[in-house]
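Below, the structure written as structure tokens:
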């Protein structure tokens, strides 16, 4: 949907993933969308160099997340949210928030 604006489909998918899950690492994102790892790594490196995302180390894994001080973050997230409305139903369903870990047994529903 935003390929013309962002340059590649993988850039858009990477941003959508970070928007939905709030953070992620390259291998996780590549596996999620079944794309090549180097492509996702290049996109994340590009975003980090331009200040759109920040990274932190968790053990030996570099985890990326949106830079809260990025000047156009609110506008970008609004644009990504709107673009998601026009995605194919399969991709929309895939981008819906999914649990990363099981619910605590004692937690109420």
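In this note's numbering, the protein residues as written are 1188 to 1296.
Beta carbons: idealized from backbone N, C-alpha and C, even for Gly.
If you're wondering where the values come from, they're calculated on a predicted model, not measured in any experiment.
Considering only their Cβ atoms, is the gap separating residue j from residue i smaller than 8 Å?
| i | j | result |
| --- | --- | --- |
| residue 1263 | residue 1240 | no |
| residue 1197 | residue 1230 | yes |
| residue 1252 | residue 1209 | yes |
Looking only at DSSP bridge pairs, what is residue i linked to?
| i | result |
| --- | --- |
| residue 1245 | 1248 |
| residue 1238 | None, per the DSSP bridge assignment. |
| residue 1259 | Residue 1259 pairs with nothing; no bridge assigned. |
| residue 1253 | 1240 |
| residue 1211 | 1251 |
Using a Cβ-Cβ cut-off of 7 Å (strictly less than) and excluding sequence neighbours within five positions of residue i, which residues of its own chain qualify?
| i | result |
| --- | --- |
| residue 1267 | 1202, 1203, 1206 |
| residue 1193 | 1199 |
| residue 1219 | 1204 |
| residue 1282 | 1203, 1207, 1271 |
Assuming the contact rule is C-beta atoms closer than 8 Å, residue i and residue j should be a hit. Round their C-beta distance to whole Å, please.
| i | j | result |
| --- | --- | --- |
| residue 1249 | residue 1273 | Incorrect: roughly 31 Å between the Cβ atoms, too far for contact. |
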